[in-house]
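Residue numbers (our numbering): 2 to 243.
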């Protein structure tokens, strides 16, 4: 029987009791239908998993006994950041979800010329909370005990002005170099993926002038929510832990 795995923001230590957040407690009792005495695994992003048991289930209060620290799945040796142009609704959720499952360590949403979703202020705060929930749920699903860093959205030109700490690539169907031609990768790798309408020619020129290397994924043009995860899967197979 599969043991449920759940994220919590709280500190976790063996031989301690905690009261879960309301939404986490609701998920365990109402969605997963767990009962008192059943076992589960908790994680909070510190790199470890924690074996736990449900000890008390009340309407607004679910208490858990943390029993032991467990070894968690190791992180990929490929230090990869997905720089994803913001797309609409579930497409952006899918990009962040799959990148997390596939081992990206950092996620940078991006505003570009053809991005159709422009949010700021309170709307942006709510979107960030939602995206973080997507990322944490993807960690719970995939067995990751380290939650990727989710950065606040920035403009493409602002990202290009940040000094590169490693290799930067942009997916571009017209690129002469293919992703499979890369030499072994070490250090930080940043992968730039465009929005639904792609990058404009001017944006690609600015990327090239800033040292970003254009790569193609072959003869097929992939949707924005497919391109990033597909490229990450290829890179993990070639240089990571696949």
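Built from N, CA and C at the ideal position, the CB exists for glycine as well.
For residue 179, the secondary structure class from DSSP, reduced to helix, strand or coil, is strand.
For residue 84 against residue 194, the beta-carbon gap comes to about 7 Å, under 8 Å, which counts as contact. Boundaries of the beta strand (DSSP E) around residue 86: 80-86. Inside the stretch 136-209, DSSP marks whole alpha helix (DSSP H) runs of 4 or more residues at positions 157-162, from first to last along the chain.
Going by beta carbons, residue 125 and residue 105 fall outside the 7 Å limit. The beta-carbon separation of residue 232 and residue 218, rounded to 6 Å, stays under the 8 Å limit for a contact. The Cβ-Cβ distance between residue 75 and residue 54 does not fall below 7 Å. By the Cβ rule, the stretch 100-118 does not count as touching the stretch 9-26, because fewer than three pairs are nearer than 8 Å. In this structure, the straight-line span from the alpha carbon of residue 169 to that of residue 160 is close to 11 Å.
With a cutoff of 7 Å on beta-carbon distance, residue 107 and residue 150 are scored as near each other.
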